[in-house]
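Report on the structure given below.
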Ligand code: UDX
């Protein structure tokens, strides 16, 4: 079976490489010529563990990349994996998706049967709209939302918890059979397949992300209370999680969620409720708590020092979560901006080299890595980063921090104080090294 994947961002690239690993002939299509060239040379444009190895294994064998839509003429299945960013009003912007659909229309002949699969996160009703746009064409449209977590996306692709497939008409077995043969490996592993209609499949994606985001905002709000009353939110989460009805996942309080999905999907769900004349009471609160969380944490730092002007901080973590170079909606970047705004000097570090490079590029840092007009330095070494600082701020939940030499760090800093925005450090160990410790709700 021949497969095309349109859009080679996180979702599309992993889909293309993953299906190549399953043995399909895959063509990845992207409008970005530089990216396509890079991919055909086996170079991965984004950092994701294990992805480049798989790309190298299949490139120019059963996997190629191109800017041309011609290849879709030979494809049985076409995956749409283009970005659906947030527009000015908070809605999902479907321009890239609809323009890809237009290109499909211009390329395929009306009689050739194709299965068009929408993997991009799209508001409820979009699959129906795409089918309307393709009326007169011999196509079936399938909704197949993705649930990949950045940083472990390759693992997630090969070990999904469920495969969600939405169809126009469940009586039409042809596209169902084709999709089951695409994911035959998961069938063999007895991974649950949720076969449903378009609208349900589309809503499953938003419901899953918004629920996890709500769990986070819930614990983050309680962390503020915990802080005030002298409770320990980590123990609260642990004890709550022992109840299997609650579960212990996504209950780590911190400085809020970021990334390319949660903030955007929560906002898009709010819009979908509003567009249907339903007041989004709970989801709106989830979003608000998240927006406030980083401000609350910043205030905590500010209250400690009084004046931040001229103070030097080590910000440990730049991306929105561990093991990624993705800075989108990164709370670390929000915090850096707030610190710089108050005249502080920031030394930033992340274990992922590409996250450091992306930060340098984003702030347009010069060779000395200092931002003109501000005081931001991005360093390659954690120990260099903490040297002579007035405080250490943890912004990404790396367990690796606990394996660092805290005695050495304690000798290097100017003032022994830590603000742990992810509650990730071993407090006993940190305190033994002479540090004052401030977490989130503990
Ligand atoms: C998310 C979903 O998990 C995935 O299923 C979906 O398809 C894409 O969106 P991702 O954006 O990669 O994945 O990040 P995720 O691991 O879910 O974390 C999101 C944010 O929540 C991060 O900023 C993380 O730091 C934060 N988080 C997560 C917490 O603050 N506490 C936790 O307990 C877990």
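Residue numbers (my numbering): 1033 to 1474. Glycine included, C-beta positions come from ideal geometry on N, C-alpha and C.
Status (buried if at least 16 other CB within 10 Å, exposed otherwise) for residue i
| i | result |
| --- | --- |
| residue 1274 | exposed |
| residue 1257 | exposed |
| residue 1543 | Because the chain spans 1033 through 1474 in this model, residue 1543 falls outside it and cannot be assessed. |
| residue 1394 | exposed |
| residue 1055 | exposed |
| residue 1276 | exposed |
| residue 1377 | buried |
| residue 1293 | buried |
| residue 1278 | exposed |
| residue 1313 | exposed |
| residue 1103 | buried |
| residue 1261 | exposed |
| residue 1204 | exposed |
| residue 1259 | buried |
| residue 1183 | buried |
| residue 1107 | buried |
| residue 1285 | buried |
| residue 1271 | exposed |
| residue 1141 | exposed |
| residue 1120 | exposed |
| residue 1434 | exposed |
| residue 1105 | exposed |
| residue 1167 | exposed |
| residue 1432 | exposed |
| residue 1361 | buried |
| residue 1226 | exposed |
| residue 1253 | buried |
| residue 1474 | buried |
| residue 1353 | buried |
| residue 1281 | exposed |
Beta-carbon separation (whole angstroms), residue i vs residue j, contact threshold 8 Å
| i | j | result |
| --- | --- | --- |
| residue 1116 | residue 1237 | Actually they do not touch by this definition, with Cβ atoms about 11 Å apart. |
| residue 1196 | residue 1176 | 7 Å |
| residue 1448 | residue 1421 | Rounded, the Cβ-Cβ distance is 10 Å, inconsistent with contact. |
| residue 1436 | residue 1456 | Their Cβ separation, rounded to whole angstroms, is 12 Å, which puts residue 1436 and residue 1456 out of contact at 8 Å. |
| residue 1158 | residue 1126 | 6 Å |
| residue 1326 | residue 1366 | 5 Å |
| residue 1086 | residue 1109 | At roughly 20 Å, the Cβ-Cβ gap does not stay under 8 Å, so residue 1086 and residue 1109 are not in contact. |
| residue 1139 | residue 1169 | Incorrect: roughly 11 Å between the Cβ atoms, too far for contact. |
| residue 1194 | residue 1223 | 7 Å |
| residue 1459 | residue 1469 | 5 Å |
Proximity of residue i and residue j at Cβ, strictly below 7 Å
| i | j | result |
| --- | --- | --- |
| residue 1045 | residue 1035 | no |
| residue 1111 | residue 1068 | no |
| residue 1472 | residue 1255 | yes |
| residue 1388 | residue 1424 | no |
| residue 1350 | residue 1417 | no |
| residue 1173 | residue 1113 | no |
| residue 1303 | residue 1123 | yes |
| residue 1333 | residue 1179 | no |
| residue 1290 | residue 1363 | yes |
| residue 1132 | residue 1038 | yes |
| residue 1269 | residue 1251 | yes |
| residue 1341 | residue 1375 | yes |
| residue 1235 | residue 1149 | no |
| residue 1357 | residue 1079 | yes |
| residue 1296 | residue 1047 | no |
| residue 1453 | residue 1287 | yes |
| residue 1199 | residue 1207 | yes |
| residue 1426 | residue 1348 | yes |
| residue 1444 | residue 1419 | yes |
| residue 1099 | residue 1065 | yes |
| residue 1322 | residue 1213 | no |
| residue 1379 | residue 1346 | yes |
| residue 1331 | residue 1337 | no |
(message) Taking 8 Å as the cut-off, does the segment 1243-1251 touch the segment 1216-1231 (at least 3 CB pairs, one atom from each stretch)?
(response) no
(request) Give a yes or no on contact between the segment 1301-1321 and the segment 1382-1397, applying the rule of three or more CB pairs nearer than 8 Å. (result) no
(request) Evaluate contact between the segment 1183-1193 and the segment 1150-1169, counting only Cβ atoms and requiring at least three cross-stretch pairs below 8 Å. (result) no
(message) I want to know whether the segment 1085-1097 touches the segment 1058-1075 - three or more CB-CB distances under 8 Å.
(response) yes
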